[in-house]
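Participant: If you want the working numbering, it's the 1-based position in the sequence shown plus 1.
We put the CB at the ideal spot given by N, CA and C, even for glycine.
These numbers come from a predicted model, not from an experiment.
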Amino acid sequence: MKTNKKLFTRTITFSPLVRFFHWIRAFCIFFLIFSGFYLAYPFLIPEVSATPTNFLYASFRSFHVIAGFLLIAVSFFRVYLFFTSKSKGERVSAKDLFDTKVWIGQIKNYLFLGAHPHIKGVYNPIQFFAYLVFAILILIISLSGVILYYHVYHDGLGGILAYMFKWLEVAVGGLANVRIIHHIATWTIILFIPVHVYMVVWNAVKHPDGGADSIVGGYRYQEAHLKE
Ligand code: HEM
Numbered sequence: 002m003k004t005n006k007k008l009f010t011r012t013i014t015f016s017p018l019v020r021f022f023h024w025i026r027a028f029c030i031f032f033l034i035f036s037g038f039y040l041a042y043p044f045l046i047p048e049v050s051a052t053p054t055n056f057l058y059a060s061f062r063s064f065h066v067i068a069g070f071l072l073i074a075v076s077f078f079r080v081y082l083f084f085t086s087k088s089k090g091e092r093v094s095a096k097d098l099f100d101t102k103v104w105i106g107q108i109k110n111y112l113f114l115g116a117h118p119h120i121k122g123v124y125n126p127i128q129f130f131a132y133l134v135f136a137i138l139i140l141i142i143s144l145s146g147v148i149l150y151y152h153v154y155h156d157g158l159g160g161i162l163a164y165m166f167k168w169l170e171v172a173v174g175g176l177a178n179v180r181i182i183h184h185i186a187t188w189t190i191i192l193f194i195p196v197h198v199y200m201v202v203w204n205a206v207k208h209p210d211g212g213a214d215s216i217v218g219g220y221r222y223q224e225a226h227l228k229e
């Protein structure tokens, strides 16, 4: 019997924690870009008063640092989840990194010259490589942020972090260079975001079963071809 109904198989792509952390990190990154640019160029100044109580710059710095440490904490846990999550899709994707056929197939697909190659996990090798570079970028911005932090807050955690990372500050040529690195990493992240969103939308439009909604709902739906 013929029917108009279509059947779909449902596979889990991203676990609830992976999805939750994706959005926490997205929020932190947007907030850090905004507050970071304020710290670099304080475009608002509080009303001038005889008693200096309007610490707008210090408040921006506090919230920047809070979001910064939240980003660091979530990123640590995200790396842990990559290795331990029950949905193995991410880990399995690493295998395709070493398969030249899949690389070539994927490049062709992006150039509209061929079908999507069969991939083992949830990311194609170009995507996996891009996310790896992004993770390194987060590491760079976090380390440079931590160095900037201990130059503002000298005691407590600042003292411990200074003890841990002073060598890195010296290795890159001093505090001025750390600030430049923090800026370059900021701009690289700013470039990454529109490309990331464009690629996600492109994939969802070109391959509807690889929809953008899996980072919200967690599942990927593929049409099941049943024999009648
Ligand atoms: C996506 C991540 C981040 C972005 C886009 C970002 C961006 C920026 C920018 C543009 C500045 C201004 C630098 C200047 O011209 O002086 C800044 C300053 C700073 N950032 Fe970040 N940042 C990020 C992550 C972090 C992290 C993880 C930390 C550490 C916990 C951090 C701590 C600081 C500190 C302490 C300052 C200096 C504040 C001051 O000069 O008083 N940032 N950030």
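Pick from PRO126, LYS121, ARG92, ARG11: whose alpha carbon is nearest that of ILE108?
Facilitator: Taking only the C-alpha atoms, the option nearest ILE108 is PRO126.
Participant: Taking only heavy atoms of ligand 1 into account, decide whether any of them is closer than 7 Å to the Cβ of SER143.
Facilitator: Correct: SER143 has its Cβ closer than 7 Å to ligand 1.
Participant: Hey, out of THR85, ALA41, PHE193, ILE191, whose CA is closest to HIS65's CA?
Facilitator: If we check each option's Cα against that of HIS65, ALA41 comes out closest.
Participant: Give me the Cα-Cα distance between VAL103 and TYR164, rounded to the nearest whole angstrom.
Facilitator: Roughly 45 Å between the two C-alpha positions.
Participant: Locate the alpha helix (DSSP H) running through TYR154, then write down its first and last residues.
Facilitator: Neither: TYR154 is in no alpha helix (DSSP H) and is coded neither H nor E.
Participant: Look at LEU82 and VAL19 and say whether their C-beta atoms are less than 8 Å apart.
Facilitator: Yes.
Participant: Do THR10 and ALA225 count as a contact pair if the criterion is CB distance below 8 Å?
Facilitator: Yes, the pair counts as a contact, with Cβ atoms nearer than the cut-off.
Participant: Assuming ILE34 and THR189 are in contact, meaning their beta carbons sit under 8 Å apart, how far apart are those beta carbons, in whole angstroms?
Facilitator: About 12 Å; that fails the 8 Å criterion.
Participant: Return helix, strand or coil for TYR42, following the three-state DSSP convention.
Facilitator: Coil.
Participant: With a threshold of 7 Å (Cβ to nearest heavy atom), would ALA221 be considered close to ligand 1?
Facilitator: Checking the sequence, you will find Arg at residue 221 rather than Ala. Not so, every heavy atom of ligand 1 lies at least 7 Å from the Cβ.
Participant: How would you label ASN55, buried or exposed, when you count the other beta carbons within 10 angstroms and need 16 or more for buried?
Facilitator: Under this definition ASN55 is an exposed residue.
Participant: Nearer than 7 Å: is that true of the beta carbon of LEU140 relative to any heavy atom of ligand 1?
Facilitator: No; taking the cut-off as 7 Å, the Cβ of LEU140 has no heavy atom of ligand 1 nearer than that.
Participant: Expressed to the nearest angstrom, what Euclidean distance is found between the alpha-carbon atoms of SER143 and SER16?
Facilitator: Each residue's Cα considered, the two are about 25 Å apart.
Participant: Can you tell me which of the three DSSP states LEU13 falls into?
Facilitator: Correcting the residue type first, residue 13 is Ile in the shown sequence and not Leu. In the structure shown, ILE13 sits in a strand (DSSP, three-state: E or B).
Participant: Rounded to whole angstroms, what is the Cα-Cα separation between VAL93 and LYS121?
Facilitator: Taking the straight line joining both Cα atoms gives about 6 Å.
Participant: How many Å lie between SER76 and ARG26 at the Cα?
Facilitator: Between SER76 and ARG26, the C-alpha separation is close to 8 Å.
Participant: Tell me whether ASP156 is buried or exposed, calling it buried when 16 or more other Cβ atoms sit within 10 Å of its Cβ.
Facilitator: Exposed, because fewer than 16 other Cβ atoms sit within 10 Å of the Cβ of ASP156.
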